[in-house]
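Enquirer:
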Amino acid sequence: MKILIIEDEKKVSDFIKKGLEYEGFIVEASYSGKDGINRCTDTSFDLIILDLMLPEIDGISILKTVRNAGIDTPVLILTAKGNIQDRINGLNTGADDYLVKPFAFEELLARVRALLRRSKKDKQTHLKFDDLSIDLITRKVTRGEKNIELTPKEYSLLEFFVMNKNRVINKITIAEHVWNYNFDRGTNFVEVYVNRLRNKLDADYDKKFIQTIRGYGYIFRTEKK
132 MKILIIEDEK
142 KVSDFIKKGL
152 EYEGFIVEAS
162 YSGKDGINRC
172 TDTSFDLIIL
182 DLMLPEIDGI
192 SILKTVRNAG
202 IDTPVLILTA
212 KGNIQDRING
222 LNTGADDYLV
232 KPFAFEELLA
242 RVRALLRRSK
252 KDKQTHLKFD
262 DLSIDLITRK
272 VTRGEKNIEL
282 TPKEYSLLEF
292 FVMNKNRVIN
302 KITIAEHVWN
312 YNFDRGTNFV
322 EVYVNRLRNK
332 LDADYDKKFI
342 QTIRGYGYIF
352 RTEKK
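One gets the working numbering by counting positions in the sequence shown from 1 and adding 131 to each.
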């Protein structure tokens with residue numbers, strides 16, 4: 132699941148981002164209204180966490196633009212404003228939920244998960260490739276009758292592979308999307324995590340989903356060659 136945070140307070144944004152990434156989400160952060168609105172309209176996200184008080188373009192204006200463009204991504208408004216009228220304005224403009232600062236991360240996480248469950252009711256929430264099953268809501272992964280226990284980051288990596296199945300993906304793209312890092316060619320953390328995931332997912336089975344493309348990267352292959 133991919134989440135966009137539009138929040139100009141870097142400490143708040145980093146706090147949310149770190150917590151959500153620990154839970155296995157892929158998270159991007161934007162620190163201004165202008166950049167935020169560009170990301171909303173150019174990239175597909177599963178959820179947007181939106182601050183109301185932003186430089187250049189305020190949160191309500193972003194929300195109006197997003198909804199007028201026909202984008203139905205769930206939006207959680209996060210702001211220091213807590214009076215009833217502010218909440219009403221946000222919800223009437225198209226927000227799906229509202230959380231007032233200061234907040235406990237546990238409550239934010241619960242609201243995020245609730246919004247994702249709600250938005251996925253009419254969408255595919257369970258993926259199956261041969262004997263591999265993935266529940267996108269509970270994050271349960273199985274092969275045949277075997278439960279595959281993954282860390283949050285391993286699950287994020289698997290989800291990214293699945294969303295790009297049968298496409299060759301280079302290490303730079305993986306690093307940028309799963310870790311939001313500028314890839315350092317001198318490091319091997321992508322290889323380390325891919326090998327961990329492959330050992331859990333493929334080691335005991337004849338069919339290997341994760342395959343190495345020498346000199347380039349990897350492919351999550353669900354189709355026969």
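Glycine is no exception: its CB is placed at the ideal position from the N, C-alpha and C atoms.
(1) Please classify F359: is it buried, with 16 or more other beta-carbons within 10 angstroms of its beta-carbon, or exposed?
(2) Thinking L183 and G167 are a contact (beta carbons under 8 angstroms), I'd like their distance in whole angstroms, please.
(3) What residues in its chain sit with their C-beta under 6 angstroms from that of A211, if we drop five residues either side in the sequence?
(4) With DSSP collapsed to three states, give me the class of G348.
(5) Looking at C-alpha atoms only, which residue of R218, T273, K149 and A306 is the closest neighbour of Y336?
(6) I'd like to know whether the C-beta atoms of I193 and A160 end up nearer to each other than 7 angstroms.
(7) Under 6 angstroms from any heavy atom of the ligand GTP, does the C-beta of I305 make it?
(8) Short of 7 angstroms in beta carbon distance, which residues of its chain neighbour Y153, apart from the five on each side in sequence? Order them along the chain.
(9) Around the Cβ of S228, are there at least 16 other Cβ atoms within 10 angstroms (buried) or fewer (exposed)?
(10) T174 by DSSP, collapsed to three states: which one?
(11) Under a Cβ-count criterion, where at least 16 other Cβ atoms within 10 Å of its own Cβ denotes burial, should S287 be classed as buried or exposed?
(12) If contacts are defined as beta-carbon pairs under 8 angstroms, then D139 and S163 qualify, I think. What distance do you get, rounded to the angstrom?
(13) Give me the Cβ distance between T204 and L178, rounded to the nearest whole Å; I'm assuming they're in contact under 8 angstroms.
(14) To which residues of the same chain is G275 closer than 7 angstroms at the C-beta, ignoring the five residues directly before and after it?
(15) Tell me where the beta strand (DSSP E) around R274 begins and ends.
(16) Based on Cα-Cα distance, which residue from K149, F291, T196 and N297 lies nearest to V325?
(17) Terminal residues of the continuous beta strand (DSSP E) containing L258?
(18) Is there a Cβ of chain B sitting closer than 7 angstroms to that of L281, yes or no?
(19) Taking the C-alpha atoms as reference points, what is the distance between L181 and I305?
(20) Do you know how far the Cα of V243 is from the Cα of E187?
(21) Give me the Cα-Cα distance between E280 and A226, rounded to the nearest whole angstrom.
Expert: Quick answer:
(1) This structure gives no information on residue 359, because the portion of the chain shown stretches from 132 to 356.
(2) Numbered from 1 along the sequence shown, position 52 holds the residue referred to as residue 183. Numbered from 1 along the sequence shown, position 36 holds the residue referred to as residue 167. About 12 angstroms; that fails the 8 angstroms criterion.
(3) Numbered from 1 along the sequence shown, position 80 holds the residue referred to as residue 211. Only K232 meet the Cβ criterion.
(4) Within the sequence shown, numbered from 1, the residue matching residue 348 stands at position 217. Here G348 sits in strand by DSSP.
(5) Position 205 of the sequence shown, counted from the start, is the residue given in the question as residue 336. When each option's Cα is compared against that of Y336, the closest is T273.
(6) The residue labelled residue 193 in the question sits at position 62 within the sequence shown. The residue labelled residue 160 in the question sits at position 29 within the sequence shown. Contact flag unset, no.
(7) Although the ligand GTP was asked about, the structure shown includes no ligands whatsoever.
(8) For the purposes of this step, residue 153 is identified with residue 22 of the sequence shown, where counting begins at 1. Excluding residues within five positions, the ones whose Cβ falls inside 7 angstroms are P283.
(9) Your numbering for residue 228 matches position 97 in the sequence shown. Looking at the sequence provided, one finds Asp at residue 228 rather than Ser. D228 should be labelled buried.
(10) As a position in the sequence shown, residue 174 is number 43, starting the count at 1. T174: coil per DSSP, three-state reduction.
(11) For the purposes of this step, residue 287 is identified with residue 156 of the sequence shown, where counting begins at 1. By the neighbour-count rule (16 or more Cβ atoms within 10 Å), S287 is buried.
(12) Your numbering for residue 139 matches position 8 in the sequence shown. Your numbering for residue 163 matches position 32 in the sequence shown. Confirmed, about 6 angstroms.
(13) By 1-based counting over the sequence shown, the position of residue 204 is 73. By 1-based counting over the sequence shown, the position of residue 178 is 47. Contact flag correct, Cβ pair sits at about 7 angstroms.
(14) Residue numbering aside, residue 275 sits at position 144 when the sequence shown is read from its first letter. So the list reads D262, once near-sequence residues are dropped.
(15) Position 143 of the sequence shown holds residue 274. It spans V272 to R274 - the beta strand (DSSP E) in which R274 sits, taken as one unbroken run.
(16) For the purposes of this step, residue 325 is identified with residue 194 of the sequence shown, where counting begins at 1. With distances taken between Cα atoms, V325 lies closest to F291.
(17) Walking along the sequence shown from the start, residue 258 turns up at place 127. Per DSSP, L258 belongs to the beta strand (DSSP E) from H257 to F260.
(18) This model lacks chain B altogether; it includes just one protein chain.
(19) In the sequence shown, the residue the question calls residue 181 occupies position 50. In the sequence shown, the residue the question calls residue 305 occupies position 174. Distance between the alpha carbons of L181 and I305 is about 26 angstroms.
(20) Position 56 of the sequence shown holds residue 187. Position 112 of the sequence shown holds residue 243. Distance between the alpha carbons of E187 and V243: 26 angstroms.
(21) Walking along the sequence shown from the start, residue 280 turns up at place 149. Walking along the sequence shown from the start, residue 226 turns up at place 95. If I take the Cα positions, the gap works out to 35 angstroms.
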